[in-house]
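Below is one structure; the comments refer to it alone.
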Amino acid sequence: MRTFDDLFAISAERKGGADALNAQLSKPKSAADLAQIPEDRWLAQFTKGVFQAGFNWQVIENKWDGFEAAFHGFDVDRCAFLHDEDMDRLMSDTAIVRNGPKIRTVIENAHFLQSLRDQGGAGQVLGGWASTDYVNQLDFMKKGGSRIGGNTGQYALRFLGKDSFILSRDVVARLIAEGVIDKQPTSKGAMKKVQETFNIWMDQSGRSLTEISRVLAFSL
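Structural data, given as structure tokens:
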């Protein structure tokens with residue numbers, strides 16, 4: 006397995022040098038900043054990720070104002086108590102994508118966010134989760150939420166500013182090339198190996214999961 010410096014050099018050569026590569030590496034938000042993100046924005050981002058999965062992302066972006074209106078600005082308590090009449094309303098609302106199972110994830114993920122309040126709320130729990138334990142955060146979200154444990158959760162956390170890696174096609178290809186895994190990681194054992202490898206690269210570089218993930222993606 007190559008060191009992070011070796012991988013950075015490969016990506017820098019492809020991107021026009023170290024300065025050009027660094028300019029494309031965004032840093033995650035601090036735990037303090039993430040703690041200030043309101044509950045409704047966590048629910049909104051989870052919902053956007055769920056609806057974008059397997060669908061044209063731009064269509065969801067174009068309809069997003071309609072989603073915000075239909076789900077009351079993603080007020081967590083209001084969404085948690087949506088009932089059958091609300092489902093009928095939403096399934097006939099042309100301002101959103103009318104997918105029943107995905108609409109129900111809004112209710113289920115609102116319940117999930119409510120359950121975090123006794124521990125300080127989503128900003129504290131999800132925003133403060135250790136980067137060295139990221140795969141267990143995804144597992145926690147998978148078990149507690151609805152459709153937010155895999156790539157959807159990874160992208161949602163990234164867009165919220167949480168330190169994260171995204172197991173995109175290029176990142177997975179680099180991990181395979183480095184002998185970390187031999188295919189798309191789905192088992193707990195494979196995800197553990199991915200986390201351990203990212204932890205090594207974090208120790209070597211002093212960089213975040215977010216930056217390292219981007220470097221890997223740019224290396225191919």
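Mapping of the sequence shown onto our numbering: position 8 corresponds to residue 13, and the numbering continues sequentially without gaps. Just so you know, even glycine gets a beta-carbon here, dropped at the ideal spot from N, CA and C.
Mind checking residue i: buried by the 16 CB within 10 Å criterion, or exposed?
{"i": "residue 67", "result": "exposed"}
{"i": "residue 8", "result": "exposed"}
{"i": "residue 97", "result": "exposed"}
{"i": "residue 215", "result": "buried"}
{"i": "residue 52", "result": "buried"}
{"i": "residue 94", "result": "exposed"}
{"i": "residue 168", "result": "buried"}
{"i": "residue 1", "result": "Here the chain comprises residues numbered 6 to 225, so residue 1 is not present and cannot be evaluated."}
{"i": "residue 218", "result": "buried"}
Apart from the five residues on each side of it in sequence, which residues of its chain come closer than 7 angstroms, Cβ to Cβ, to residue i?
{"i": "residue 225", "result": "175, 178, 179"}
Roughly how many whole angstroms lie between the Cα atoms of residue i and residue j?
{"i": "residue 120", "j": "residue 203", "result": "30 angstroms"}
{"i": "residue 158", "j": "residue 46", "result": "14 angstroms"}
{"i": "residue 170", "j": "residue 79", "result": "26 angstroms"}
{"i": "residue 13", "j": "residue 163", "result": "21 angstroms"}
{"i": "residue 197", "j": "residue 101", "result": "38 angstroms"}
{"i": "residue 132", "j": "residue 36", "result": "6 angstroms"}
{"i": "residue 183", "j": "residue 76", "result": "44 angstroms"}
{"i": "residue 124", "j": "residue 165", "result": "20 angstroms"}
{"i": "residue 62", "j": "residue 173", "result": "16 angstroms"}
{"i": "residue 89", "j": "residue 129", "result": "32 angstroms"}
{"i": "residue 150", "j": "residue 112", "result": "10 angstroms"}
{"i": "residue 50", "j": "residue 209", "result": "32 angstroms"}
{"i": "residue 148", "j": "residue 21", "result": "42 angstroms"}
{"i": "residue 181", "j": "residue 74", "result": "43 angstroms"}
Below 6 angstroms CB to CB, which residues in the same chain sit around residue i once its five sequence neighbours on both sides are set aside?
{"i": "residue 57", "result": "65"}
{"i": "residue 127", "result": "44, 47, 118, 121"}
Three or more C-beta pairs closer than 8 angstroms, one from the segment 203-218 and one from the segment 127-140: is that the case here? yes
Quick test of the definition: if touching needs 3 or more C-beta pairs under 8 angstroms, does the segment 141-154 touch the segment 23-39? no
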